[in-house]
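Student: Dumping the structure here so I can ask a few things about it.
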Amino acid sequence: MSLEAIVYVSTASWKPNQGELESLLASARARNLEYAVTGALIYHEATFIQYFEGPPLGMDVVYGHIRHSTLHHGIIELLRQPVAERAFPNWTMGFTVSTDSPLLELATEKFLATLRNLPPDRSGSDGRELVLEFWRNFRKGR
Ligand SMILES: Cc1cc2nc3c(=O)[nH]c(=O)nc-3n(C[C@H](O)[C@H](O)[C@H](O)COP(=O)(O)O)c2cc1C
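What follows is the structure in structure tokens.
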């Protein structure tokens, strides 16, 4: 089964309250389970960064819902690439609220600058590793 991964950042349209985040996650997880999509979502001060992965068909369905959600706007796709295996096999969608600013650095400028400085044939996989490393370190600290 072929797999692809997408990373994007976006801006929340308003400050979601606990209930809104919970219902967002509940609907996201139910659909992800149905379409075999896994990944992680991080929220920090009006910025979402999401990594998700799955079979191309399921990814299209899920990404369609993500793009059309009124809860956020200004989606910037940072990465889209085929992957050999899942990074989040056990998460229909992990979620955490970040209180640290490093997320924002990672979210756009640092991420894109890092990709620009890599040889073209390595840029995709190293971009993915950058996000995964952030997630691992971030979770370790909690
Ligand atoms: C930050 C964010 C992440 C989302 N992640 C997923 C997801 O992983 N899977 C999914 O099926 N839908 C996802 N969605 C879409 C929601 O599950 C849901 O379809 C959407 O929030 C409905 O919003 P609306 O009522 O504003 O259209 C996401 C939406 C947002 C804003």
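With this note's numbering as the guide, the letters of the sequence shown map in order to residues 383 to 524. Cβ atoms here follow ideal geometry from the backbone N, Cα and C, with glycine treated the same way.
Would you call the region 436-446 in contact with the region 391-406, where contact means no fewer than 3 C-beta pairs closer than 8 Å?
Tutor: As far as the Cβ criterion goes, the region 436-446 does not touch the region 391-406, which means the pair count is below three.
Student: Can you give me the start and stop residues for the alpha helix (DSSP H) that residue 444 sits inside?
Tutor: From DSSP, the alpha helix (DSSP H) with residue 444 extends over 438-450.
Student: In the DSSP assignment, what residue or residues form a beta bridge with residue 471?
Tutor: Answer is none; residue 471 lacks a bridge partner.
Student: Any residue with its Cβ nearer than 7 Å to a heavy atom of ligand 1 should be included. What is that list in chain order?
Tutor: Listed along the chain, these residues meet the criterion: 392, 406, 409, 410, 413, 414, 419, 421, 423, 430, 432, 434, 444, 447, 448, 450, 451, 452, 453, 454 and 475.
Student: Where do the ends of the alpha helix (DSSP H) carrying residue 528 lie?
Tutor: The structure shown does not extend to residue 528, since the chain spans only 383 to 524, so no value can be given for it.
Student: Can you tell me the Cα-Cα spacing of residue 464 and residue 441, whole angstroms?
Tutor: Distance between the alpha carbons of residue 464 and residue 441 is about 11 Å.
Student: Write down the C-beta distance between residue 395 and residue 455 rounded to the nearest angstrom, noting that I regard them as a contact closer than 8 Å.
Tutor: Yes, residue 395 and residue 455 are in contact; Cβ-Cβ is about 6 Å, under 8 Å.
Student: Could you name the residues of the same chain whose beta carbon sits closer than 8 Å to that of residue 466, not counting the 5 residues immediately before and after it, in chain order?
Tutor: Closer than 8 Å at the Cβ level, and outside the excluded window around residue 466, lie 385.
Student: Going by DSSP in three states, residue 453 sits in which element: helix, strand or coil?
Tutor: Coil.
Student: Spatial neighbours of residue 457 within its chain, please: CB distance less than 7 Å, with the 5 preceding and 5 following residues excluded, ordered by chain position.
Tutor: For residue 457, where only same-chain residues beyond five positions count, the Cβ hits under 7 Å are 390, 392 and 449.
Student: By a C-beta neighbour count over all protein chains shown, 10 Å radius and 16 as the cutoff for buried, is residue 401 buried or exposed?
Tutor: With fewer than 16 Cβ atoms within 10 Å of its Cβ, residue 401 is classed as exposed.
Student: Judging by CA-CA distance, which residue of 387, 436 and 422 is the nearest neighbour of residue 416?
Tutor: That would be 436, whose Cα lies nearest to the Cα of residue 416.
Student: Mapping the DSSP letters down to three states, classify residue 427 as helix, strand or coil.
Tutor: Reduced to three states, the DSSP call for residue 427 is coil.
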